[in-house]
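K.L.:
The opening residue of the sequence shown carries number 2 in my numbering; numbering runs sequentially from there.
For glycine and all other residues, C-beta sits at the position ideal for the given N, C-alpha and C.
Bear in mind the structure is a predicted one, so any value in this text is a computation, not a measurement.
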Amino acid sequence: MEPIVFLAFLGLGIAAIVGAARRVDVAWAKAAEELGLSFDSGGLFGRPVIAGRVGDLEVEVTTLRRGSSDSASTRYRIGYPPFEVPFELRPASKLPKFLGFVGGDLGAPAPGLEDTFRAHTPDPRGLRALLGSERRHLLRTLAAAYRGLRVTASELVVTIPKAERDPTVIADRVRRLVEIARAFREAEPVDEPPEVPPEPEPTASFDLEPDAEPEMPPSRFPEPVIRYVSAPVDEAPAETTPEPDPTGLAADELAADLFGRPRLSFETEARFADRWAGTRIRWPGTVREARWVDDDRVFGERPMTRARLLVATIPTELYGEAEVEAIVALPPGDAERLRRDDEVVVAGVLVGIDGLLRRFYVADAELSEVADRRDTR
């Protein structure tokens with residue numbers, strides 16, 4: 002009986018491995034389709050790979066295994082046209098003394114990013130000129146979000162210490178890294194120098210008599226004619242344009258204003274904070290996902306329905322027609338009402354955006370209309 006039991010357990014193990022690989026293949030294929038890239042499953046013992054181009058950038062997503070470890074990582078690589086200055090940047094280690102003691106090549110502190118990155122380059126002065134303020138901001142953003150980070154003259158590589166199986170997470174992360182890589186490649190190489198007023202020309206000295214005045218050439222410009230006009234006392238005050246109704250703010254108009262022009266994400270978020278944060282909206286949308294959660298990093302720790310809605314599409318240079326979504330915090334009971342592709346209308350308060358993923362965040366929301374789109378097909 003023992004051989005039979007062994008074979009039974011072996012069969013169950015193989016079935017579990019095949020089932021897990023199949024689920025990964027389905028998830029990665031879905032992410033590749035959403036991104037418009039190709040997918041190769043790699044077979045039972047190979048590695049899944051998502052690859053292709055987004056504009057002039059190369060994209061590759063794959064899994065990695067270290068030695069005999071069963072744990073896998075997910076590696077995202079975005080390749081861009083190479084810079085003339087060769088370099089490699091990695092986040093500064095928290096154990097520099099230990100690494101130096103064991104012989105690790107730490108590199109030199111990156112110019113302008115001494116506390117954040119270590120750099121390897123044969124041209125330190127060229128790298129300093131390359132890392133202007135925009136690029137330094139993007140690098141700090143990456144270092145704060147990803148520990149497994151490497152930036153070189155030709156590629157951006159991020160390694161996540163787990164095998165990712167959520168197609169939405171994969172697609173969103175690829176979009177975010179593509180936007181950062183593109184902004185990093187196209188940013189201005191050096192900071193704008195401050196405007197320095199020209200030094201005044203030295204005053205020429207003339208030997209003049211005390212009461213004499215120098216003869217000035219005739220002016221090329223006629224003397225200005227100044228007319229004084231008194232406004233009539235009984236003139237009616239100018240009409241003021243009434244403020245627009247906040248609930249009339251359309252999602253596509255706001256999306257075009259914030260996401261329709263090439264800006265860095267922090268500039269987009271600052272524009273939103275200055276003009277639109279706290280605005281009440283009432284928007285139609287199509288349900289992409291709705292689930293019950295206990296807490297959310299944006300909306301805080303409380304039970305809610307976290308719904309993801311498609312609210313607009315806008316033209317972009319990189320992706321053509323790009324979709325804009327709203328992440329909406331609804332009452333917990335709405336999770337059971339909503340299904341994918343339902344047409345809804347939500348009312349709530351704009352509290353934030355994600356400039357890279359083109360997302361709005363709407364708090365204190367409620368449903369005013371729900372229509373099952375599937376019934377109308």
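Checking the sheet assignment: what are the DSSP bridge partners for Phe361?
P.N.:
Beta-bridge pairing links Phe361 to Ala327 and Ile354.
K.L.:
Val352 and Ala379 - do their beta-carbons sit closer together than 8 Å?
P.N.:
Beyond the ends of the chain as shown, which are 2 and 378, falls residue 379; an answer cannot be given.
K.L.:
Give me the DSSP bridge partner(s) of Phe118.
P.N.:
In the DSSP output, where bridge partners are listed per residue, Phe118 has Pro92.
K.L.:
If you count every other CB in all the chains shown that lies within 10 Å of the CB of Ala252, and 16 or more means buried, which is it?
P.N.:
Label assigned to Ala252: buried.
K.L.:
For the beta strand (DSSP E) containing Ala111, list its first residue and its last residue.
P.N.:
Segment Ala109 to Ala111, the beta strand (DSSP E) holding Ala111.
K.L.:
Please say whether Val294 and Leu310 have beta carbons closer to each other than 8 Å?
P.N.:
In this structure, Val294 does not lie closer than 8 Å to Leu310 by Cβ.
K.L.:
Do you know how far the Cα of Thr122 is from the Cα of Glu433?
P.N.:
Beyond the ends of the chain as shown, which are 2 and 378, falls residue 433; an answer cannot be given.
K.L.:
Tell me whether the beta-carbon of Leu250 lies closer than 8 Å to the beta-carbon of Thr269.
P.N.:
No, the Cβ-Cβ distance between Leu250 and Thr269 is not below 8 Å.
K.L.:
Please work out which residues of its chain come closer than 8 Å, Cβ to Cβ, to Pro194, disregarding the five sequence neighbours upstream and downstream, and give them in chain order.
P.N.:
Its pLDDT being 43, under 50, Pro194 is placed unreliably in this model, and the coordinates cannot settle the point.
K.L.:
Is the CB-CB distance between Gly53 and Leu38 below 8 Å?
P.N.:
Result yes, Cβ atoms of Gly53 and Leu38 sit closer than 8 Å.
K.L.:
Assign Asp343 to one of two classes, buried (16 or more other C-beta atoms within 10 Å of its C-beta) or exposed (fewer than that).
P.N.:
Buried, since its Cβ has 16 or more Cβ neighbours within 10 Å.
K.L.:
With Val152 as the anchor, note down where its alpha helix (DSSP H) starts and where it stops.
P.N.:
Premise fails: Val152 lies in the beta strand (DSSP E), Gly149 to Thr153, not in any alpha helix (DSSP H).
K.L.:
Once you ignore the five residues that flank Ala172 on each side, which residues in its own chain have a CB closer than 8 Å to its CB?
P.N.:
Around Ala172: Ala32, Glu35 and Leu36.
K.L.:
Here's the rule: buried if 16 or more other CB atoms are within 10 angstroms of the residue's CB, otherwise exposed. What is Pro263?
P.N.:
Pro263 should be labelled exposed.
K.L.:
Verify the contact flag: Ser74, CB atom, against every heavy atom of the ligand NAD, threshold strictly below 7 Å.
P.N.:
Among the components of this structure there are no ligands whatsoever, and the ligand NAD is therefore not found.
K.L.:
Under 6 Å Cβ to Cβ from Leu157, same chain only, skipping five residues before and after it: list those, please.
P.N.:
Once the five neighbours on either side are set aside, the close Cβ partners of Leu157 are Ile79 and Ala182.
K.L.:
Are the beta-carbon atoms belonging to Ala274 and Ala330 less than 8 Å from one another?
P.N.:
Not in contact: Ala274 and Ala330 (Cβ atoms no closer than 8 Å).
K.L.:
For Ala52, which residues does DSSP report across the bridge?
P.N.:
DSSP output for Ala52 lists Ser39 and Glu61 as bridge partner(s).
K.L.:
Starting from Gly286, follow the beta strand (DSSP E) in both directions and report where the run begins and ends.
P.N.:
Note, Gly286: beta strand (DSSP E), Arg281 to Asp297.
K.L.:
Let's test the definition: count the other Cβ atoms within 10 Å of the Cβ of Arg1 and tell me whether it reaches 16, buried, or not, exposed.
P.N.:
Any question about residue 1 goes unanswered here, given that the chain covers just 2 to 378.
K.L.:
Would Ala145 count as contacting chain C if we go by Cβ distances under 8 Å?
P.N.:
Of the protein chains in this structure there is only one, and it is not chain C.
K.L.:
Going by alpha carbons, who is nearest to Leu140 out of Leu265, Ala308 and Ser369?
P.N.:
Among Leu265, Ala308 and Ser369, the Cα nearest to that of Leu140 belongs to Leu265.
K.L.:
Distance, Cα to Cα, Pro316 vs Asp258?
P.N.:
Whole-angstrom Cα-Cα distance: 12 Å.
K.L.:
Determine the DSSP secondary structure at Ala348, reduced to helix, strand or coil.
P.N.:
Residue state, collapsed to three classes: strand.
K.L.:
For Pro168, collect the residues of the same chain with a Cβ closer than 6 Å to its Cβ; drop the 5 residues on either side in sequence, then sort them by chain order.
P.N.:
Excluding residues within five positions, the ones whose Cβ falls inside 6 Å are Ala28, Lys31 and Ala32.
K.L.:
I need the DSSP call for Leu132, collapsed to helix, strand or coil.
P.N.:
Coil.
K.L.:
Quick one: give me the first and last residue of the alpha helix (DSSP H) that Arg186 is part of.
P.N.:
From DSSP, the alpha helix (DSSP H) with Arg186 extends over Pro168 to Glu187.
K.L.:
Let me check one thing: in DSSP terms, what residues is Glu367 bridge-paired to?
P.N.:
Per DSSP, Ala348.
K.L.:
DSSP beta-bridge partners for Tyr77?
P.N.:
DSSP, once it has assigned bridges, lists Val62 and Val159 as partnering Tyr77.
K.L.:
Let's test the definition: count the other Cβ atoms within 10 Å of the Cβ of Arg176 and tell me whether it reaches 16, buried, or not, exposed.
P.N.:
It counts as buried.
K.L.:
Cα separation between Leu90 and Leu178?
P.N.:
Going from the Cα of Leu90 to the Cα of Leu178 covers about 16 Å.
K.L.:
Give the range of the alpha helix (DSSP H) segment to which Phe267 is assigned.
P.N.:
Ser266 to Arg276 is the extent of the alpha helix (DSSP H) around Phe267.
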